[in-house]
Amino acid sequence: MTTAETIKAITRDHLTRGHGLLLGQCVTAVGWIGGTVPNCDGIVEIPMTDVAGPAFAVGCALMGRRPIFVVRYQGFMWYNASSLVNYAAKSRQVWGRPCPIFVRSIGMEGNGIGHTASSSLHSLFMHSPGMPVAAPMTPREYRAVWEHFMAHDDPIYVSEHRRSFPLTEDLPAPRHRRADVTLIGISAARLNALNAVARLEAAGLDVDLFHLVWLKPFEPEPALLDSLARTGLGLVVDSDYEVAGAARSFAYELMHRTGVPVHALGLDDRVCGVASHLENITPSATRIYDRVVQLVEAAGTRRRPAQARQHPRLARTAPDAA
Amino acid sequence: MTTDTIRPTSAPRSAGLGLIPGLAATFSREFSLEMFRRASFIRQFELQTARARDAERFTIPVYLAVGQEFTAAALSMVLPGVPIFAQHRAHGLYLAFGDDPAALRDELLGLPTGCSGGMSGSNAIQGPAIGLVGHSGLMGEQVPIAVGAALASQQPVLTVCGDASVEEDYIYPSLGWAASRPLPVLFVCEDNGLSILTPKAVRRTWSVVDLARSLGVPAVDITDDPWLIAHHAREMSRALPGFINIQTVRHMWHAGTGVDGVPEWDRYQLVRDEMTRMGLSDEVARIEHDTTAQAKEIWA
Numbered sequence: 043m044t045t046a047e048t049i050k051a052i053t054r055d056h057l058t059r060g061h062g063l064l065l066g067q068c069v070t071a072v073g074w075i076g077g078t079v080p081n082c083d084g085i086v087e088i089p090m091t092d093v094a095g096p097a098f099a100v101g102c103a104l105m106g107r108r109p110i111f112v113v114r115y116q117g118f119m120w121y122n123a124s125s126l127v128n129y130a131a132k133s134r135q136v137w138g139r140p141c142p143i144f145v146r147s148i149g150m151e152g153n154g155i156g157h158t159a160s161s162s163l164h165s166l167f168m169h170s171p172g173m174p175v176a177a178p179m180t181p182r183e184y185r186a187v188w189e190h191f192m193a194h195d196d197p198i199y200v201s202e203h204r205r206s207f208p209l210t211e212d213l214p215a216p217r218h219r220r221a222d223v224t225l226i227g228i229s230a231a232r233l234n235a236l237n238a239v240a241r242l243e244a245a246g247l248d249v250d251l252f253h254l255v256w257l258k259p260f261e262p263e264p265a266l267l268d269s270l271a272r273t274g275l276g277l278v279v280d281s282d283y284e285v286a287g288a289a290r291s292f293a294y295e296l297m298h299r300t301g302v303p304v305h306a307l308g309l310d311d312r313v314c315g316v317a318s319h320l321e322n323i324t325p326s327a328t329r330i331y332d333r334v335v336q337l338v339e340a341a342g343t344r345r346r347p348a349q350a351r352q353h354p355r356l357a358r359t360a361p362d363a364a
Numbered sequence: 038m039t040t041d042t043i044r045p046t047s048a049p050r051s052a053g054l055g056l057i058p059g060l061a062a063t064f065s066r067e068f069s070l071e072m073f074r075r076a077s078f079i080r081q082f083e084l085q086t087a088r089a090r091d092a093e094r095f096t097i098p099v100y101l102a103v104g105q106e107f108t109a110a111a112l113s114m115v116l117p118g119v120p121i122f123a124q125h126r127a128h129g130l131y132l133a134f135g136d137d138p139a140a141l142r143d144e145l146l147g148l149p150t151g152c153s154g155g156m157s158g159s160n161a162i163q164g165p166a167i168g169l170v171g172h173s174g175l176m177g178e179q180v181p182i183a184v185g186a187a188l189a190s191q192q193p194v195l196t197v198c199g200d201a202s203v204e205e206d207y208i209y210p211s212l213g214w215a216a217s218r219p220l221p222v223l224f225v226c227e228d229n230g231l232s233i234l235t236p237k238a239v240r241r242t243w244s245v246v247d248l249a250r251s252l253g254v255p256a257v258d259i260t261d262d263p264w265l266i267a268h269h270a271r272e273m274s275r276a277l278p279g280f281i282n283i284q285t286v287r288h289m290w291h292a293g294t295g296v297d298g299v300p301e302w303d304r305y306q307l308v309r310d311e312m313t314r315m316g317l318s319d320e321v322a323r324i325e326h327d328t329t330a331q332a333k334e335i336w337a
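As given, the protein sequences belong to chains A and B, one line each in that order. Take our numbering: the last position of the first sequence gets the number 364, and nothing is skipped along the way. Take our numbering: the last position of the second sequence gets the number 337, and nothing is skipped along the way.
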């Protein structure tokens, strides 16, 4: 079963057996959100209102319907944010009244969709108290996030990515006894990181790769901290903007916990264009490869020159195009 | 742009807008007395609250309902038990529908025993016992939340906003969606003609009643006579959605206890006069004695 099929199955069960609701704009048109929306009772097409729409979902949540609120393009969250962060996220702490909404915010990028609809904005919601943030990619991860939602009363911001929809299995997470660098991936950057790892290993660098699903609360697993202690070097890669974003936030947190330099790589601080050469998308495998090589070389000349000299094949650019 | 260049399309503000002759007499004596008791208590509670604020017993911003008591009192008489989605200046609704005044006092004092444990203050109060849902302080946001609640519950809900709130982005889609599905929402606008101190005529040329009607929501524009409010709220509740724009008068500042001058009209006094004509002056005096004592005791 793919991630898309998993989302669809979870949703159908929630709507038909859980008294739930799903609200969104145009959710029953043009592919039904990548095949993630079932055709059943409980689907509510809302009008084209990116300001009031989430507040409709808030009202449903206050009435106990645990709605799923779908935003087809995560870039639209700038406009959909107000009632989610200003009401749903605060409700339990201010009034003691839970307002559980499962926010499906779907990241898309490239292919000419432009600056308004594209990108992932989970960092934006990490700023808001009262709202856990997750970025599941695989069927197992998605189901775990859903089960957390159903077991708790907080609204949850789920940063989905279209590239997760065809996945069927958990992503590999290579580990080494003597890795050169610790790589930490978020959202679709995890897929590019995997690709980069393969090229780095072909080039003679061993990489420990960790996948982050829960962005808030951020609770790094002990193995991640151990890896950083061993490699002495980390890089967080993300599909969101780098400046003031999740990647830098986690790098900061990890540095303070381990004393190890941890760097960040995300979207550039510029508006993306529609033309392919103007896009601003998830760091490619090539960018990740180049950044890792740069960091290892810099760290190696500073701290481990012998090891750095052992990798004469390292090139500034990956052998294959991203 | 100056106020002179803007053409207001709303009905002129008036203490007599939409009045129906003889309407008060169609309500029972008990109805009128209870409605007056609720309004009288709101006034006395709010006056005592103002005194406490002036004495710096608390220092947070306070949004008093003095002058607008009868909107809450009238709605509470005909819409018992409905979930309420209101905004700042909701002390009146909280008290009229019957939640605990001591918990409201404690909220203003920032105590754990406050209706929101000190988290909401005056402008974001909730009334769990009466179904008054907490408001975030972002005016107008409560309206689509009410619409969503009506969708989810398929039960009537009441949402109350102000004449500035209806200019918020939340309102048009809420009215439109409530009309389209349709959904059982009674929209009430407490139209005191002011956004803080900016008159409505400076802010817009359109009428929210016209807007509601254009979207298919039955709407009326009336003054704040309580029997008139009760009449329309009761009638509209038979086939929701509906919209009532109530022209009312805020006697005190938007926030705080200051007064800018003589109010356009004093509905409280007008109702007292009407109650006297109805032969209820003795009962009115007793009610005022009791509500004054009750409010003083709460704030003692």
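Quick reminder that beta carbons are idealized off the backbone N, C-alpha and C, glycines included.
B:W214 has a beta carbon lying within less than 8 Å of a beta carbon in chain A. Distance between B:E178 and A:K132, taken at the CA atoms: about 14 Å. Counting the other Cβ atoms within 10 Å of the Cβ of B:W336 gives 16 or more, which makes it buried.
A:R139 and A:V338 have their C-alpha atoms some 50 Å from each other. In this structure B:H125 is in contact with B:G174, their Cβ atoms being roughly 7 Å apart against a cut-off of 8 Å.
Chain order gives the chain B residues near A:L63 as A189, where near means a beta carbon separation below 7 Å. According to the DSSP assignment, B:V321 belongs to the alpha helix (DSSP H) that extends over S318 to W336. When DSSP states are grouped into helix, strand and coil, B:W302 belongs to the coil group. In the structure shown, the three-state DSSP call for B:L56 is coil.
Counting along the chain, the unbroken alpha helix (DSSP H) around B:L70 starts and ends at R66 to D91. A residue is called buried once 16 or more other Cβ atoms fall within 10 Å of its Cβ, and A:H305 is buried on that count.
According to the DSSP assignment, A:F252 belongs to the beta strand (DSSP E) that extends over V249 to L254.
The Cβ atoms of A:H218 and A:D248 sit closer than 8 Å to each other. In the DSSP assignment, A:G76 falls within the unbroken alpha helix (DSSP H) covering W74 to G77. The region 272 to 285 of chain B and the region 217 to 224 of chain B touch, with three or more beta-carbon pairs separated by less than 8 Å. Under DSSP, the beta-bridge partners assigned to B:C198 are B:C226.
The region 189 to 197 of chain B and the region 145 to 162 of chain A do not touch, with fewer than three beta-carbon pairs separated by less than 8 Å. Under the 8 Å Cβ criterion, the region 207 to 221 of chain B does not count as touching the region 263 to 271 of chain B, having fewer than three qualifying pairs.
Excluding sequence positions up to five before and after A:P181, its CB lies within less than 6 Å of the CB of M43, T45 and T48, all in the same chain and listed in chain order. The residue among A:S229, A:V223, A:A231 and A:P259 with its C-alpha nearest the C-alpha of A:I198 is A:P259. The region 149 to 158 of chain B and the region 66 to 85 of chain B do not touch, with fewer than 3 CB-CB distances between them shorter than 8 Å. For A:A244, there are no C-beta contacts with chain B under 7 Å, since the nearest C-beta of that chain is about 53 Å from it. If you ignore the 5 residues before and after A:F144, its C-beta comes within less than 6 Å of the C-beta of I110, F191 and I198, all in its own chain and listed in chain order.
Shown here for B:E205: same chain residues with a beta carbon closer than 6 Å to its own, the five before and five after excluded, namely G177 in chain order. Within chain A, the residues placing a beta-carbon under 9 Å from that of B:V184 are A94, A97, F98 and G101, ordered along the chain.
Note that the C-beta distance between B:N160 and B:P255 is not below 8 Å.
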